[in-house]
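A.B. asks: The numbers in the working numbering rise by one with no breaks, and the one at position 245 of the sequence shown is 290.
Could you have a look at this structure, given as structure tokens, before my questions?
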Amino acid sequence: MASKWTTISTHVVEPEVKRDPDWMECSPLDYVALGYKSHLFLYKPDSAAGSVPQIDRLVDSLGKTLTLFYPFAGRLIRNVKFERPRLHCNNAGALFTHKRYHGVASELIDEENFLPTDELAGVRENGITPWRPVYDPSGLPTLLIQVTDFDCGSRCVSVSFSHQVADAFAFLHFLSSWAEICRGEQVSSVPVHDRSLLSRRKSSPVLDEGAPVRFLNNQMKDPVVVQFKDPEHGKSLKTMKLTNTRMQELKAQGVRDCDGTGVNPTSTDCVSANLWRWVAEKREYKPDDVLAFHTYVNLRSRLKNFPQNYFGNGVIVACCSLTVQELRSKSLGELAAVIQEANKAVNEDLVRDWIDWNAVNKFHLWSVGDEPVMLGDPNVMYHVLRASYVNRASFYDLDFGTGKPSASLRNDMVQLIGGIWVMPSSKPGELRVEVYAENQLLDKLPEVM
């Protein structure tokens, strides 16, 4: 049977203006997650949002954009001398592939219940393992783009990047700037590449012998790297809908529960609390099992005089954990208060302590063996939920000069068990919630929150 795929062109896009090659010193936060992330944007011809972007304009504007975002034109290299991969900003360029799929877009992209596929990203096709990259002397590209044309006239732009080089906020900054340049506009925010802003301090109380590692979780004593429980059942990704009305209902319930306590939970706190309690009720746990809830926090707004346009990894995890018995007995508002307290604790001191500790201990998500890990009490079996809120991200504003996308979808090939992603939706007044977990749990979760 003939393949439905045809490769039209493959080439490397270099920065329009090259800089002298140099090694960029990564911060300790850059090493927490070393894999590749992917996101795709589907543009349809003559849709209400616009039309499809033009290939030549995409390529030309990409070269201009890489002049500003030059780490995305570099290579990640690891050799015997350096244990961790290093970022060589050498103008090698981003990989750009143009393909055609002989079929309609709906055959590969279910906009309501999309399941990630490397066919649209091309990461593995270019020899890269998305979660645990294998490095070679020539280095790995930090940015890969695949444009796929469909017989229906739709065009998919998939962008994959190394998490070591950028987090989601920096990635969105790059995308927005690329679109601005493609439209013939000036870049509204020039990136800041000074990664020494998040480097280790010369002296740090957290590294003193016997000092408590308070930045991980106030309930943990002497945390160490431990593996968390990864269910043995089959796993999958489930998409749920979250309306603005439902968010306000959850917030109202949380506020009522906290009446008289001085706590004013946000809608995000209450959504997280609802998910946390759901999992505690639906999974088969022992009462003394611990279920941790981690929220990814953008530290750019938590540090004094820190540039909002910092390009790199500027995300830290706010951690809280309770036993299953505690989770099942507390109200939604009480759980929202626990989550809010953990999020508020992410301040300058906590961030700097975490950076210092990680610089010495070299923690990353795969520090031990082939299973993901976390930091905690070695005598406790942990189960972890990890929530990432990018619901305010302007993914649906990505206009390359011909209109906005009809769909914006996360296309990560390898998922972390217990992952929760809250993202914008193409439908007004609605958010998209993705949960990656074992099928037995997903079958019990509703389609609409």
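The C-beta atom is built at its ideal place from N, Cα and C for all residues, glycine as well.
Can you check DSSP and say which residues form a bridge with Tyr146?
C.D. replies: Paired residue(s): Trp50 and Phe195.
A.B. asks: Can you name the start and end residues of the alpha helix (DSSP H) that Gly507 belongs to?
C.D. replies: Within the shown structure, residues of the chain are numbered from 46 to 494, placing residue 507 beyond reach of any answer.
A.B. asks: Note the first and the last residue of the continuous beta strand (DSSP E) segment covering Ser244.
C.D. replies: Careful: Ser244 lies outside any beta strand (DSSP E) and carries neither H nor E.
A.B. asks: Looking only at DSSP bridge pairs, what is Ile400 linked to?
C.D. replies: The partner list for Ile400 (beta bridge, DSSP) is empty, contrary to what the question assumes.
A.B. asks: Quick check: the Cα distance between Gly279 and Leu461, rounded to an integer number of angstroms?
C.D. replies: Each residue's Cα considered, the two are about 13 Å apart.
A.B. asks: Can you give the beta carbon distance from Leu355 to Phe206, rounded, assuming they're within the 8 Å contact cut?
C.D. replies: For clarity, residue 355 is Tyr in the given sequence; the question names Leu instead. The Cβ separation is near 16 Å, so there is no contact.
A.B. asks: Considering only their Cβ atoms, is the gap separating Ser453 from Tyr441 smaller than 7 Å?
C.D. replies: Result yes, Cβ atoms of Tyr441 and Ser453 sit closer than 7 Å.
A.B. asks: Which residue wins for smallest C-alpha separation from Arg169, given the options Asn456, Pro332 and Leu486?
C.D. replies: Comparing Cα positions, the closest option is Asn456.
A.B. asks: How close, in whole Å, do the beta carbons of Val192 and Ile100 come, if the pair is a contact with beta carbons under 8 Å?
C.D. replies: Confirmed, Cβ separation roughly 6 Å.
A.B. asks: Counting Cβ pairs closer than 8 Å, one from the segment 337-344 and one from the segment 385-400, do we hit at least three?
C.D. replies: Counting Cβ pairs under 8 Å, three or more are found: they touch.
A.B. asks: Less than 7 Å between the C-beta atoms of Phe114 and Phe219, yes or no?
C.D. replies: Yes.
A.B. asks: Assuming Asn403 and Pro73 form a contact by the criterion Cβ under 8 Å, report the distance between their Cβ atoms to the nearest whole angstrom.
C.D. replies: About 4 Å separates the two Cβ atoms, so the contact holds.
A.B. asks: Quick one: what does DSSP say Ala337 is sitting in, helix, strand or coil?
C.D. replies: Of the three classes helix, strand and coil, the one that applies to Ala337 here is strand, per DSSP.
A.B. asks: Using C-beta distances below 7 Å, list every residue in its chain close to Leu165, excluding the 5 sequence neighbours before and after it, in chain order.
C.D. replies: Correct list, in chain order: Leu85, Leu153, Gln191, Thr193, Cys201, Ser203 and Asn456.
A.B. asks: If contact is defined by three or more beta carbon pairs under 8 Å, each pair taking one atom from either stretch, is the segment 283-290 in contact with the segment 467-482?
C.D. replies: Because the criterion of three Cβ pairs below 8 Å is met, the segment 467-482 and the segment 283-290 touch.
A.B. asks: Sort Ala325, Trp50, Gln231 and Thr368 by Cα distance to His147 and report the nearest one.
C.D. replies: Considering only alpha carbons, the answer is Trp50.
A.B. asks: Roughly how many angstroms lie between the CA atoms of Ser451 and Ala224, to the nearest whole one?
C.D. replies: Taking the straight line joining both Cα atoms gives about 16 Å.
A.B. asks: Would you give the residue range spanned by the beta strand (DSSP E) that Gly167 belongs to?
C.D. replies: Neither: Gly167 is in no beta strand (DSSP E) and is coded neither H nor E.
A.B. asks: Between Gly138 and the rest of its own chain, which residues show a CB-CB distance below 8 Å, the 5 nearest in sequence each way excluded?
C.D. replies: Cβ neighbours of Gly138 beyond the five flanking positions: Val57, Val58, Glu59, Pro60, Leu111, Ala118 and Pro186.
A.B. asks: With distance defined between alpha-carbon atoms, name the residue in Val429, Ala325 and Val467 nearest to Val435.
C.D. replies: The residue with the shortest Cα to Cα distance from Val435 is Val467.
A.B. asks: Under the three-state reduction of DSSP, which class applies to Asp71: helix, strand or coil?
C.D. replies: Checking the displayed sequence, the identity of residue 71 turns out to be Cys instead of Asp. Cys71: coil per DSSP, three-state reduction.
A.B. asks: Ignore the nearest five residues each way along the sequence and tell me which others in Asp488's own chain have a CB closer than 8 Å to its CB.
C.D. replies: So no residue of the chain qualifies.
A.B. asks: So, under 8 Å CB-CB, Leu430 and Leu336 are touching, yes? Tell me the CB distance rounded to an integer number of Å.
C.D. replies: Confirmed, about 7 Å.
A.B. asks: Just to confirm before moving on: does the CB-CB distance between Asp302 and Ser376 stay below 7 Å?
C.D. replies: Yes, Cβ-Cβ distance for Asp302 and Ser376 is below 7 Å.
A.B. asks: Along the chain, where does the beta strand (DSSP E) that runs through Lys283 open and close?
C.D. replies: Element bounds for Lys283: Lys280 to Thr288.
A.B. asks: Can you list, in chain order, the residues of its chain whose CB lies under 8 Å from that of Thr162, leaving out five sequence neighbours each side?
C.D. replies: Closer than 8 Å at Cβ, skipping near neighbours: Leu153, Asn456 and Met458.
A.B. asks: Hey, out of Asp304, Gly463 and Met494, whose CA is closest to Leu486's CA?
C.D. replies: It is Gly463.
A.B. asks: Report the CB separation of Val383 from Tyr330 in whole angstroms; it is logged as a contact under 8 Å.
C.D. replies: Their Cβ separation, rounded to whole angstroms, is 18 Å, which puts Val383 and Tyr330 out of contact at 8 Å.
A.B. asks: What span of residues does the beta strand (DSSP E) with Phe351 cover, start to end?
C.D. replies: Here Phe351 belongs to no beta strand (DSSP E), and DSSP marks it neither H nor E.
A.B. asks: Which of the three DSSP states is assigned to Lys472 in this structure?
C.D. replies: Here Lys472 sits in coil by DSSP.
A.B. asks: Take Thr306 and list the residues in its own chain whose beta-carbon comes closer than 6 Å to its own, dropping the five residues that flank it on each side.
C.D. replies: None.
A.B. asks: Look at the alpha carbon of Lys247 and the alpha carbon of Thr311, and state the distance between them as a whole number of angstroms.
C.D. replies: Answer to the nearest angstrom: the Cα atoms are 37 Å apart.
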